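Numbering (my numbering), first residue to last: 244 to 419.
Listed below in structure tokens is the structure:
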């Protein structure tokens, strides 16, 4: 139930940036993978007015659907780590914080990267996020490699992801 406190930590960082001489508060990009991907998605809706864009790699968009669809051998350990979606109070909490349920608040471009064979964070997490952003008229770039799992390990795919991310950030900086 304290999951949102980690998102507030990002807000604290965003609060520090305008008063510092080095970072440019108008060019903030957030990025992360796996749980960091969830954080990128969460920052995208909580603090959309304070970032230029976000890139997420194999992120969770709703802990309820994540726990339902992750591989069964991982489910019980993830419930210990994140919470048990079978508890109605926890399920309601998960729905209230789910980035997939707040895509209408995402006003800046989001780049979603997903492996098609990810046993940890299933493809459905990225698909629902992408579809909801499109439905709400947001800007989303989507890169899915059918031959990858939890992240891009194959050199050709990793290189493509790297250069696609650079292009995404470049275009997001030019066209806020």
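Every residue gets a Cβ at the ideal spot worked out from N, C-alpha and C, and that includes glycine.
Predicted model only: the values in this text are computed from it and were never measured.
Straight-line gap, residue i to residue j (C-alpha atoms, nearest Å)
i           : j           : result
residue 361 : residue 306 : 16 Å
residue 340 : residue 401 : 30 Å
residue 303 : residue 281 : 5 Å
residue 333 : residue 264 : 42 Å
residue 391 : residue 359 : 6 Å
residue 338 : residue 413 : 33 Å
residue 322 : residue 274 : 25 Å
Residue from the options whose Cα sits closest to the Cα of residue i
i           : options            : result
residue 385 : 397, 345, 369      : 369
residue 393 : 355, 364, 412, 261 : 364
residue 344 : 376, 316, 332, 248 : 376
residue 276 : 413, 297, 266, 314 : 297
residue 257 : 272, 330, 372      : 272
residue 251 : 268, 397, 283      : 283
residue 411 : 353, 279, 380, 325 : 353
Simplified DSSP state of residue i, which is helix, strand or coil
i           : result
residue 255 : helix
residue 364 : coil
residue 409 : helix
residue 401 : helix
residue 414 : helix
residue 380 : coil
residue 260 : helix
residue 334 : helix
residue 340 : helix
residue 244 : coil
Per-residue burial, residue i [other beta carbons within 10 Å of its own, 16 or more giving buried]
i           : result
residue 290 : buried
residue 247 : exposed
residue 405 : exposed
residue 328 : buried
residue 396 : exposed
residue 409 : exposed
8 Å Cβ cutoff, residue i in contact with chain C
i           : result
residue 266 : The structure shown contains no chain C; it is built from a single protein chain.
Note down, one range per segment and in chain order, each beta strand (DSSP E) of at least 3 residues found wholly within the segment 264-322.
272-276, 296-300
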